[in-house]
Amino acid sequence: MEQTAKVQIKGIGHALPSRVLNNQDLEQIVDTNEQWIIERTGILERRICEPGMATSDYCYLAAIKAMEQARVSAVDLDLIIVATSSPDMLFPSTACLVQERLEAWGAAAFDLEAGCTGFAYALSVAEKYLLSPDYHHILVVGSDMCSRFVDYTDRGTCILFGDGAGAVVLGRGMGDNGLIKTILGADGRGAKFLYMPAGGSALPPSHETVDKHMHSIQMNGTEIFKFATGIIMDVSVKLLASAGLSFSDIDLFVPHQANLRIIKTAIKRANIPLEKTMINIQKYGNMSAASIPVALAEAEMEGRLRAGDLVLMVAFGAGLTYAGALLRWGRD
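Note that the sequence shown covers residues 16 to 347 in our numbering.
See the structure below:
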């Protein structure tokens, strides 16, 4: 029987700002304290984009690492997808800016915006392209600089977010390892629970929108918590059932790093052991679209991923959007 090609992660890399904003620093900025932050989020510190740097800069740095591991050069790339909610500018796309930095002149390039779910969405989109014989190597980057868009007088949001980028190079392989199944979804009824009011065509920038802090992230934390804890379970069950697997088969669970309470609630419901769960939110906060690829990259660096391991990734974010991916780790 002819073996079916699978889409594999050929290389992975991440890039983080060197600036650290810890909870003690936030105590000097906003009405909060470290105990309050830890109890509600599990976050100890987060990385903050350096002055003069932008989303595309960290995308480029993460991409170089992923390409080196995959042993591909810029001329080998057929497509670049950047998942971000914090592009360098409204247009052109951040992906085009990354293409220029890499000098990947043969690659098409576009951005994908699905909030914190962006990387998982982009992974699924790239998989579909790679099922075509016209595409061989696709660079997928998840990157956000949320610190540029938080209101540091709002303790409900400014404590949550950090900056970073994670990248993967995807290609086809003939072994057993690779993507098994992806699921994408959205519920636009929840758009009002996590959004940025101004800066688009509905409310273009003006003195009024700036004065009213309308260019900052607005979030209903209670609603997001309810949505996240429910959807993580729903997506996980569907993914595993589609492959005839169960939670006990998982070697590593990589959830979106939004809030430690959300993660712990989810793994308790699914009966996934803490030691099988990748958690780095304490160091980086919520990095939005960068969350999952950075967690994956760190898991590999720490020796927590071996060839053949079953990995379950689940994300959720603004939209409201949600997605999941099931894969066997490893590359041919």
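Glycine included, every Cβ here is placed at the ideal spot set by N, Cα and C.
Just the C-alpha distance for residue i and residue j, rounded to the nearest angstrom, thanks.
| i | j | result |
| --- | --- | --- |
| Phe134 | Trp120 | 23 angstroms |
| Asn301 | Val140 | 23 angstroms |
| His222 | Ile153 | 41 angstroms |
| Ser147 | Thr132 | 24 angstroms |
| Gly332 | Arg170 | 20 angstroms |
| Leu194 | Ile296 | 25 angstroms |
| Asn286 | Leu175 | 26 angstroms |
| Arg61 | Met104 | 24 angstroms |
| Gly186 | Leu199 | 21 angstroms |
| Thr70 | Asn235 | 25 angstroms |
| Asn38 | Phe268 | 27 angstroms |
| Glu17 | Lys283 | At Glu17 the pLDDT is 48, less than 50, meaning the model places this residue with poor confidence; the figure from the coordinates comes in the next sentence. Each residue's alpha carbon lies about 41 angstroms from the other. |
| His230 | Ala20 | 45 angstroms |
| Leu3 | Val329 | Because the chain is modelled from 16 through 347, residue 3 falls outside the range shown and cannot be assessed. |
| Glu290 | Ile265 | 11 angstroms |
Go to residue i, then tell me how far its alpha helix (DSSP H) extends in each direction, as first and last residue.
| i | result |
| --- | --- |
| His222 | 222-226 |
| Asn38 | 38-42 |
| Leu311 | 306-316 |
| Leu267 | No alpha helix (DSSP H) contains Leu267, which is instead part of the beta strand (DSSP E) from 267-270. |
| Met82 | 70-85 |
| Leu105 | Run containing Leu105: none; DSSP gives neither H nor E here. |
| Thr280 | 275-285 |
| Ile53 | 49-56 |
Here's a check: name, in chain order, each residue in its chain whose Cβ is nearer than 8 angstroms to the Cβ of residue i, leaving out the five neighbours to either side.
| i | result |
| --- | --- |
| Gln233 | Thr172, Leu209, Tyr210, Met211, Pro212 |
| Thr168 | Val45, His228 |
Taking the DSSP output, what are the residues bridged to residue i?
| i | result |
| --- | --- |
| Met234 | Leu209 |
| Arg34 | Ile63 |
| Gly339 | Ile198, Val329 |
| Thr292 | Phe268 |
Grab the span of the beta strand (DSSP E) containing residue i for me, first residue to last.
| i | result |
| --- | --- |
| Leu346 | Contrary to the premise, residue 346 reads as Arg rather than Leu in this sequence. Looking at the DSSP string, Arg346 is not in any beta strand (DSSP E), and its letter there is neither H nor E. |
| Ala98 | 94-98 |
| Leu325 | 325-332 |
Please return the same chain residues whose Cβ sits closer than 6 angstroms to the Cβ of residue i, not counting the five positions on each side in sequence.
| i | result |
| --- | --- |
| Lys80 | Gly28 |
For residue i, collect the residues of the same chain with a Cβ closer than 7 angstroms to its Cβ; drop the 5 residues on either side in sequence, then sort them by chain order.
| i | result |
| --- | --- |
| Tyr150 | Asp93, Leu94, Tyr144 |
| Val22 | Glu142, Leu145, Leu185, Arg187, Gly193, Leu194 |
| Ala243 | Ala273, Ile277, Phe331 |
(request) Pick out the complete beta strand (DSSP E) segments inside the segment 117-204, 3 residues or longer, and give them in chain order. (result) Whole beta strand (DSSP E) segments, 3+ residues: 123-127, 152-160, 178-188, 193-201.
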